[in-house]
Amino acid sequence: MKKHRKIIVAIATSADGYIARPDGSYDWLDRPQPRGNYGMPKFFASIDTILWGRKTYDQALTMGGVDQFGLKTKHYVFTHRLPGEPAKSVEFVNEPIEKFAKRLKAKPGKNIWMMGGGGLIASFLDAGAIDEFSIHVIPVFIGEGSH
Numbered sequence: 375m376k377k378h379r380k381i382i383v384a385i386a387t388s389a390d391g392y393i394a395r396p397d398g399s400y401d402w403l404d405r406p407q408p409r410g411n412y413g414m415p416k417f418f419a420s421i422d423t424i425l426w427g428r429k430t431y432d433q434a435l436t437m438g439g440v441d442q443f444g445l446k447t448k449h450y451v452f453t454h455r456l457p458g459e460p461a462k463s464v465e466f467v468n469e470p471i472e473k474f475a476k477r478l479k480a481k482p483g484k485n486i487w488m489m490g491g492g493g494l495i496a497s498f499l500d501a502g503a504i505d506e507f508s509i510h511v512i513p514v515f516i517g518e519g520s521h
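Yeah, the sequence shown ends on 521 if you go by our numbering, and it's all consecutive.
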């Protein structure tokens, strides 16, 4: 029996409900981690693909890039503004969500991490393409930002 790959939204939110600061940064996640780091090492072992919105991807580039998630991880960045040549592990996507998600889930591999941001998550929700949510509330208040 063929295993169904899942698209999983795994995100952190501040205690006051924000996923990023107004400028898109998520530096508030840079804090001492509890034992088990919210289950992230186990989660990382269960995925081989990450889906990014363009603004989230651009923010990641300022904070160490996508290679911090492992060189064997495939990255898809959804954008209407195609940049120059991407890194080897990055592919830019500008096609309907339903078509893309169906094709990606049919490929062999591990689960797929929907990194975000909020606009991309909403688009995948509208297309019925999200299989699971894993939301971690981080005990910090950032006061304002993106939901």
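Backbone N, C-alpha and C define an ideal beta-carbon position, used for all residues, glycine too. All of these numbers come straight from a predicted model, not from anything done at the bench.
Euclidean distance between Cα positions of residue i and residue j
i: T453; j: N468; result: 6 Å
i: S388; j: L456; result: 31 Å
i: G427; j: V451; result: 6 Å
i: K380; j: S399; result: 27 Å
i: W402; j: I393; result: 10 Å
i: F498; j: T436; result: 25 Å
i: I495; j: I385; result: 10 Å
i: T479; j: T447; result: Reading off the sequence, residue 479 comes out as Lys, not Thr. Their Cα atoms are separated by approximately 15 Å.
i: A503; j: I424; result: 14 Å
i: Y412; j: I509; result: 10 Å
i: Y431; j: G438; result: 11 Å
i: M414; j: P470; result: 30 Å
Own chain partners of residue i with C-beta closer than 8 Å, once the 5 adjacent residues on each side are dropped
i: R405; result: I512 and V514
Option in the options with minimal Cα separation from residue i
i: I486; options: G519, A475 and G493; result: A475
i: F418; options: M488, D390 and G493; result: M488
i: F466; options: G492, K484, H449 and R477; result: H449
i: G493; options: M414, H521 and K462; result: H521
Beta-carbon spacing of residue i, residue j below 7 Å
i: E506; j: I421; result: no
i: G519; j: P408; result: no
i: A501; j: E472; result: yes
i: K429; j: G491; result: yes
Residues near residue i in its chain [Cβ-Cβ closer than 7 Å; skip 5 each side]
i: G315; result: In the structure as shown, the chain begins at 375 and stops at 521. Residue 315 is therefore absent and cannot be evaluated.
Sequence-distant residues of its chain with Cβ nearer than 6 Å to residue i (five each side left out)
i: K481; result: none
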